[in-house]
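Take a look at the structure set out below.
Residue numbers (the UniProt record's numbering): 1 to 267.
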């Protein structure tokens, strides 16, 4: 067993150096000593895929999964090889079987959701994305795909909420811009887009993203979402405004934030 681990470590080191032939020789020698070592078969699968042989990779990943049936990464890799061979139905069946056996991870559930969505089974895809988020609430890929699936299912309210959650999670100008556009489409006005996420969710942009904060896809719209980094959150929709000492002009539609005065509450 010690010799086998030495060969595995040497093979992994050779793979990191880009010596695929040397890595394969060492891994094969390790598997000759310990045929049931799942990670050895996994490395051989990676080597096959990198050489443009998804069929060979699929066979080796299948052997890895037999050796380590509780590892969700091996069926994911096997399913990816099947997809590359144009066998998406077989890949979906493989992942669904893993889920039924309790071999589950957020990435595996998300992969299966993508396959079901590609097969135009949106309801199952949405359920799988929600499952992935139940396993890992901060799984950005599942949240993004959930939002897209809800949009395709013509559920704009739920899609807008999912995009707003994703914006909170990522905290980037691009993510907030997408969430704002979705809220705009569902309600039609800037004020509703602001309420979709809520002023408390807006965070001060990082210095590197500050110059692009004011234009994440809204064009010339002057929205409470698109505020100067030096101002506090605009709350004109609540009937009042404020400005930090020495701060810049807020990007609200009324412009009252520039003076910091109280305005008449609207209905």
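For every residue, glycine included, the Cβ atom is placed at its ideal position computed from N, Cα and C. Here the structure is a predicted model, which means the values were calculated and not measured.
- With 16 or more neighbouring CB atoms inside 10 Å of its own CB, residue 106 falls in the buried class.
- In this structure residue 4 touches residue 33 by the C-beta definition: roughly 4 Å separates them, less than 8 Å.
- For residue 57, same chain residues with a beta-carbon under 6 Å away, outside a window of 5 residues either side, are 45, 48, 49, 81 in chain order.
- Rounded to the nearest angstrom, the gap between the Cα atoms of residue 124 and residue 13 is 41 Å.
- If the five residues before and after residue 62 are omitted, its C-beta is found closer than 6 Å to the C-beta atoms of 78, all from its own chain and listed in chain order.
- By the neighbour-count criterion, in which a residue is buried when 16 or more other Cβ atoms sit within 10 angstroms of its Cβ, residue 109 is buried.
- When secondary structure is reduced to three states using DSSP, residue 119 falls in the coil class, being assigned neither helix nor strand.
- In terms of CA proximity to residue 164, 140 leads the group 153, 140, 152, 154.
- Around residue 162, the same chain offers 143, 146, 147, 150 as residues with beta carbons nearer than 7 Å, after the five sequence neighbours per side are excluded.
- Residue nearest to residue 155 within the set 180, 83, 126, 138 is 126 (criterion: CA-CA distance).
- The beta carbons of residue 7 and residue 38 sit no closer together than 9 Å.
- Under the criterion of beta carbons closer than 8 Å, residue 118 and residue 88 qualify as touching, at roughly 6 Å.
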